[in-house]
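Anchor point for the sequence shown: position 188 equals 181 in the numbering used here, and the numbering is continuous, going up by one each time. All C-beta atoms, glycine included, are put in the ideal place defined by N, C-alpha and C.
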Amino acid sequence: MKIAIPVETDEAEPRVAATPDTVKRLIGLGADIVIQQGAGLTSGIRDNEYAEAGAKLASAATDAVADADIVLKVRRPTAEELATYKKGALVIAIMDPYGNDAALKAMAEAGVTAFAMELMPRITRAQVMDVLSSQANLAGYRAVIDGAAEYGRALPMMMTAAGTVPAAKVFVMGAGVAGLQAIATARRLGAVVTATDVRPAAKEQVESLGAKFVAVQDEEFKQAETAGGYAKEMSKEYQAKQAELVASHIAKQDIVVTTALIPGRPAPKLVSKEMVESMKQGSVVVDLAVERGGNCELAKPGEVVVHNGVKIVGHNNVPGRLAATASSLYAKNLFAFVETLVDKNSKSVAVKWDDELVKATCLTKDGAVVHPSFAPKHAAE
């Protein structure tokens, strides 16, 4: 059983799919590990560290993936990469399947069995494989650090002989994994923190971290959560009431962090141009949803926009801004999943196709797109 870890071809992706620790653990499953030279450099991992852990090094990606039974990646493989994989290889990565039908079709036509880590079900046994949570946690932390760096003042209250510096006001929109970590980080840095979310369960979580909860708490709000724990899209009437409340609150804030995402849908617009214009000179908006269209109307992917004296931060791949930590967590997520795909006695790939984890994450198999959320589109072609 050969497992390959190639260099990520996207220059904007500094993360890597394996660490020396997970290499040792994968070898313990009976695998031969081949890593392309330089794969871990942007995450602070040298080739010799992989070699010392027991991995073999390959100078080129084609050598690394040749005849590999499993290919571990961070990003979905390109068509050029797919051409070098053997048919039937398991390819496990963050696949970004929504709206990328052509890419899914290409993986199917290449004959690989593709698994999307971000589709992992949120059940107890899969918590250790939850890449959305492991990466969002880091994104929430980094969002506050980035916001503080762009904000021209201190966050905590400081009492000095020259006078008292008031604490900064930080408002977090969306109290999922990223939002809760943003709240905790801002609190640790001494800010006065408020937060909002459409899910009723978020109120207690926000308050447990020492922040104040801000939301229109009507009957619709009480029903605003899916069985899977995700936020539902709210009615236009509720959105209008919530927007009015938020607009009056945002005008008083120093840093706003937006984290709201709906799986498979564009990010909801929460911060309008008018709201930004109501904020004080020198305030900051950090939009963690910018790659999905943004929660802030003025956010632009990969840019820090300045509008009316307010900075709107739209960094791409925020977990990648903490590449070493993000890679460490992601590699552990991958190992935990790979472990379920291997027979410990024969030390070979043995996918249990009726396993709920496999059913939830498998995108392509035997030349076809098989995931129920995406297969119907291709069946009609």
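Please go through the same chain and pick out, in chain order, the residues whose beta-carbon is closer than 6 Å to the beta-carbon of Met122, but skip the five residues on each side of it.
Closer than 6 Å at Cβ, skipping near neighbours: Met113, Asn326, Ala329, Phe330.
Nearest-angstrom beta carbon gap, Ala82 and Ala61 [assumed within contact, 8 Å]:
Yes, they are in contact, since the Cβ atoms of Ala61 and Ala82 sit about 6 Å apart, within 8 Å.
Provide the residue span of the alpha helix (DSSP H) that contains Glu296, from first to last.
Following the DSSP letters along the chain, one finds Glu296 in no alpha helix (DSSP H) but inside the beta strand (DSSP E) bounded by residues 296 to 300.
Contact check, Asn288 vs Ala253, beta carbons under 8 Å:
Going by C-beta atoms, Asn288 is nearer than 8 Å to Ala253.
Who does Val283 pair with in a DSSP beta bridge?
For Val283, DSSP assigns no beta-bridge partner whatsoever.
Val278 burial status per 10 Å Cβ neighbour count (16 or more: buried)
By the 16-neighbour rule on beta-carbons within 10 angstroms, Val278 is buried.
With three or more beta-carbon pairs closer than 8 Å as the criterion, would you say the region 155 to 164 touches the region 240 to 257?
Enough Cβ pairs lie closer than 8 Å, so yes.
For Ile116, which residues from the same chain have a beta carbon less than 8 Å from its beta carbon, with the 5 sequence-adjacent residues on both sides left out?
Only Glu349 meet the Cβ criterion.
Which residue wins for smallest C-alpha separation from Asp89, given the options Gly167, Glu73, Ala107?
Minimum Cα distance to Asp89 is reached at Ala107.
Rounded to whole angstroms, what's the CA-CA distance from Ala260 to Thr251? Just pull it up for me.
Distance from the CA atom of Ala260 to the CA atom of Thr251, rounded to whole angstroms, is 10 Å.
Give the DSSP-derived three-state secondary structure of Lys337 in the structure shown.
If DSSP states are grouped into helix, strand and coil, Lys337 belongs with coil.
With H, G and I counted as helix, E and B as strand and the rest as coil, what does DSSP make of Ile400?
The shown model of the chain, from -6 to 374, leaves out residue 400, and the question about it has no answer.
From the DSSP output, read off the bridge partner residues of Asp139.
In the DSSP output, where bridge partners are listed per residue, Asp139 has none listed.
Out of curiosity, what's the CA-to-CA distance linking Ala317 and Gln128?
Separation of Ala317 and Gln128 (C-alpha to C-alpha, rounded to the nearest whole angstrom) is 12 Å.
Tell me, which residues are paired with Met151 by DSSP?
Among the bridge pairs identified by DSSP, Met151 is matched with Val158.
Mapping DSSP to helix, strand and coil, what is Gln198?
Correct three-state label for Gln198: helix.
Nearest-angstrom Cα distance between Glu74 and Glu200?
One C-alpha to the other measures close to 47 Å.
How is the alpha helix (DSSP H) around Val351 delimited, first residue to last?
Boundaries of the alpha helix (DSSP H) around Val351: 349 to 354.
Inter-stretch contact (C-beta, 8 Å, three-pair minimum) for the region 174 to 183 and the region 129 to 142:
They touch, by the three-pair rule.
Flag this pair as yes or no: are the beta carbons of Ala188 and Ala171 separated by less than 8 Å?
Against a cut-off of 8 Å, the Cβ pair of Ala171 and Ala188 comes out as no contact.
Locate the beta strand (DSSP E) running through Ala240, then write down its first and last residues.
First-last for Ala240: 229 to 243, but that is the alpha helix (DSSP H), not the beta strand (DSSP E).
Where Asp359 falls, given that 16 or more other Cβ within 10 Å makes a residue buried:
Exposed is the call here.
Who are the Cβ neighbours of His364 in its own chain at under 7 Å, not counting the five residues just before and after it?
The answer, listed in chain order, is Cys355, Leu356.
Do you know whose CA, among Leu22, Lys66, Arg18, lies nearest Ala32's CA?
In this structure, Lys66 is the residue among Leu22, Lys66, Arg18 with its C-alpha nearest to the C-alpha of Ala32.
Would you be able to state if there are at least three C-beta pairs under 8 Å between the region 331 to 351 and the region 6 to 22?
With a cut-off of 8 Å, the region 331 to 351 and the region 6 to 22 count as touching, because enough Cβ pairs lie within range.
If we require 4 or more residues per run, which alpha helix (DSSP H) segments fall completely within the region 64 to 117?
Counting only runs of 4 or more, we get 72 to 75, 94 to 102.
Since Val297 and Glu143 are thought to touch, with beta carbons under 8 Å apart, how far apart are those beta carbons, to the nearest angstrom?
The distance from the Cβ of Val297 to that of Glu143 is about 7 Å, consistent with a contact at the 8 Å cut-off.
Would DSSP call Phe214 helix, strand or coil?
Here Phe214 sits in helix by DSSP.
Continuous alpha helix (DSSP H) stretch holding Leu19: start and end:
Counting along the chain, the unbroken alpha helix (DSSP H) around Leu19 starts and ends at 13 to 21.
I need the straight-line Cα distance from Ala48 to Arg18, nearest angstrom please.
A direct Cα-to-Cα measurement between Ala48 and Arg18 gives close to 11 Å.
Are there 16 or more other CB atoms within 10 angstroms of the CB of Ala168, so buried, or fewer, so exposed?
In the assembly as shown, Ala168 is a buried residue. Its beta-carbon has 16 or more other beta-carbons within 10 Å.
Alpha carbon of Glu374 to alpha carbon of Thr2, nearest angstrom:
Per-residue confidence for Glu374 stands at a pLDDT of 42, beneath the threshold of 50, marking its modelled position as unreliable; the derived number appears in the next sentence. Rounded to the nearest angstrom, the gap between the Cα atoms of Glu374 and Thr2 is 30 Å.
Are the Cβ atoms of Gly307 and Asp280 separated by less than 8 Å?
Cβ distance < 8 Å, so Gly307 and Asp280 count as in contact.
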